[in-house]
Amino acid sequence: MILCAMLEPNSKFHENFKEKCISFFRSSGYLADISLFTNETEMRKFLSSKNVDVVISDLSFDSEDLSGLLVVKKIKEEFPDIFVIGFSRANIGYRDVSARLPTFDMFIEKTGFIGGNDRYILCIVDEFKVKFKRNSDIVISEKTEYRPNEQVKIRDFESMVSQIMFRKHSSDERSTPSKVYFKPLSGGRSSSSVYKMYGENINGDIVTVPSVLKISPINNAIKEKENYDEFVKWILPYKWRVDMLGFGITKKFGAICYSFISSIGVEYDSLTKYILDGKDDVIINSIKTVFSPEKRHWYSESFIEIKDDINKRYHERYFNNQNDKNNASAKFNKYTQDLFDAKLFNQKVKIFNNYYSKPIERLFGEPNGSYSTCICHGDLNSNNLIVSENGEVIFIDFQNTGRGHVFEDFVTLEASIRLNYPLQIDQHSTRFWNSFIDSENKCVVGDCNQEDDLPNLHRHIYYIRRLAKLNFPNENFKLYYYAVAAFNTRLLLLSKLTDSQFGRIISCILVALEQLDK
């Protein structure tokens, strides 16, 4: 069923033109629910409240000046996802409408349309079926759970889903999803909302593949789609990459729908959930799957390029703002004093009779040399790794995918484990944090394998670092600790962290800087 709004100021043409439009849509394979408007303001209110598929608007408004094009322009600016058909009784040539405000998707010449010119109507039916790409019959089930404080309006949500779910006109009902519902995926994201997506056909006997719907600000969504096409589709192996099922946009938002290659009927969630639950076997399998040196797809020396200045890389990526530097320094000072009973000096802090560098001063002061780049995910926190119960691990969210320091993804994932892994010890004493620093020190990668001597949290971190070294044996491993210190110093700017999480961040910064100074 196509929901259509028609704007025609001259009411005497309403019913006749409406019947012709219903017949036109029927010839295209659709039933149509058409609402008639003589007033532009009333119609735009209607568009704001409903997931309208098509707008049909007069262009000439009983004059020869094509003033209706201004109306169409405003509609397309506010609702770029709506398919707009312009029509007119005036003798308008292609050059007239395309040279002024070419904002509608299709043009109908009213005389031939109302007059029943069969050849003309067949032509515009074919044109409509080529250009119209929405599943106007899809139903979003009442089982859908929207995220609280979601900025995306229901109308926009429904529009993006209808664009994503389009397959073909007059699809086979038994094989076409007709109802979908959504549940939020575990893990928080700063500017995006991510949902598990479930679909079934009209009889409920065919279910869709496991899918994830990600809704982001429009520019972020477009960038992510571009990165998927450039760095994922032709590079990541079949069982690692997601399949992009569809893409939809409104004025402010874009939605990408990804599916897993297999796992139909198998439950899945973000790796964050498994970390929070302390599922060590899942964590280890995910690390091994993503970073195994035998696979080497993104993390390959085939992509290596040498860049001159690692200070510049991380400065531009995380701290290209003096306020961020000041705030990170203030947070570092506060939590080293509150949790570690530190004594602050100009360039150093003293904790348990040991002196450590301060991060901003150390990271962006003296040069730390050149570094290697490869293709990186760009935001490989545990929210962006989806794990299924049968052990499959896949990437989502390619908004920041591209060239980066070879260790960036390793450092990002270890930080997610450090922040989210459950700790069952008193976390409010300086004695506890002293022992935590000791565990961080044992994560320093040497020539021997010492995983068995570590608690589970730090065993996972140590495993990631060993794999980083195996993947890039020619990269100066001190730069790994540089990346750890830089990334975790950036994390100090997060507001929704517990004292325990700040303590973990501070501990790894201190040890990383100590290794950098050796």
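With our numbering applied, the sequence shown covers 1 to 518.
Where is the CB? At the ideal position from N, CA and C, for every residue including glycine.
Please read all numbers here as calculations on a predicted model, not as lab measurements.
Pull up the CB-CB distance for Pro455 and Ser439, whole angstroms please, since I reckon it's below 8 angstroms.
6 angstroms
With 16 other CB atoms within 10 Å as the buried threshold, where does Lys130 fall?
Per the sequence shown, residue 130 should be read as Val rather than Lys. Exposed is the call here.
In chain order, which beta strand (DSSP E) runs of at least 3 residues are fully inside the stretch 386-437?
393-395, 402-405
Simplified DSSP state of Lys358, which is helix, strand or coil:
coil
Starting from Cys443, trace the beta strand (DSSP E) both ways and give me its first and last residue.
That residue, Cys443, is in no beta strand (DSSP E); it is neither H nor E in DSSP.
Any idea what DSSP makes of Ile34, helix, strand or coil?
strand
Classify Asp156 as buried or exposed, calling it buried when 16 or more other Cβ atoms lie within 10 Å of its own Cβ.
By the neighbour-count criterion, in which a residue is buried when 16 or more other Cβ atoms sit within 10 angstroms of its Cβ, Asp156 is buried.
Out of Gly86, Asp126, Ser88, point me to the one whose CA is closest to Arg26's CA.
Asp126
Sort Ile506, Leu276, Asp277, Arg44 by Cα distance to Asp341 and report the nearest one.
Ile506
I'd like to confirm the pairing. Which residues does DSSP put opposite Phe526 in its beta bridges?
Residue 526 lies beyond the residue range present for the chain, which begins at 1 and ends at 518; the question has no answer from this structure.
Roughly how many whole angstroms lie between the Cα atoms of His405 and Phe364?
16 angstroms
When you compare each of Asp137, Lys331, Ile351, Phe345 to Arg490 by their alpha carbons, which one comes out closest?
Lys331
Assuming Ile526 contacts Val212 (C-beta within less than 8 angstroms), just tell me the rounded distance between them.
This structure does not reach residue 526, given that the chain is present from 1 up to 518, and the question cannot be answered.
Need the endpoints of the beta strand (DSSP E) that Thr373 sits in, please.
371-376
What is the residue span of the alpha helix (DSSP H) that Ala342 lies within?
Boundaries for Ala342: no alpha helix (DSSP H) harbours it, and the DSSP string shows neither H nor E there.
Looking at Asn135 and Phe182, is the spacing between their C-beta atoms short of 7 angstroms?
no
Helix, strand or coil at Phe116 according to DSSP, with G and I counted as helix
With the sequence shown as reference, residue 116 is identified as Gly, and Phe is not the correct amino acid for it. Here Gly116 sits in coil by DSSP.
Take the Cβ of Arg88 as the centre, count every other Cβ of all protein chains shown within 10 Å, and call the residue buried at 16 or more, exposed below.
Here the sequence assigns Ser to residue 88, which means Arg is not the residue at that position. By the 10 Å Cβ count, Ser88 comes out buried.
Once you ignore the five residues that flank Ala5 on each side, which residues in its own chain have a CB closer than 7 angstroms to its CB?
Ser35, Phe37, Met43, Phe46, Leu47, Val52, Val55
With a threshold of 8 angstroms, are at least 3 pairs of Cβ atoms found where one atom belongs to the stretch 287-305 and the other to the stretch 190-206?
no
C-beta atoms of Ile275 and Tyr421 nearer than 7 angstroms
yes
Whole angstroms are fine: how far does the CA of Glu78 sit from the CA of Val72?
Approximately 10 angstroms, taken between the alpha carbons.
Is the stretch 343-362 touching the stretch 465-479, taking contact as three or more C-beta pairs under 8 angstroms?
no
As a quick exercise: from Thr41, Asp58, Ser49, pick the residue whose alpha carbon is nearest that of Asp17.
Here residue 17 turns out to be Phe, not Asp, going by the sequence shown. Closest option to Phe17, judged by alpha-carbon separation, among Thr41, Asp58, Ser49: Asp58.
For Gly248, is the classification buried or exposed, using 16 other Cβ atoms within 10 angstroms of its Cβ as the cut-off for buried?
Its Cβ being crowded by 16 or more others within 10 Å, Gly248 is buried.
Go through the stretch 250-279 residue by residue and report every complete run of the alpha helix (DSSP H) that reaches 4 residues or more, in order.
Listed in chain order, they are 271-276.
Look up Asp243 in the DSSP assignment and say whether it is helix, strand or coil.
strand
Ends of the alpha helix (DSSP H) at Tyr482?
478-491
Do Gly246 and Ile310 have their beta-carbon atoms positioned less than 7 angstroms apart in this structure?
In this structure, Ile310 keeps its C-beta atom at 7 angstroms or more from the C-beta atom of Gly246.
Using the beta-carbon count (16 or more within 10 Å), is Ile256 buried or exposed?
buried
Span separating the alpha-carbon of Glu230 from that of Arg362
36 angstroms
Considering only the beta carbon of each residue, do Arg459 and Val445 sit closer than 7 angstroms?
no
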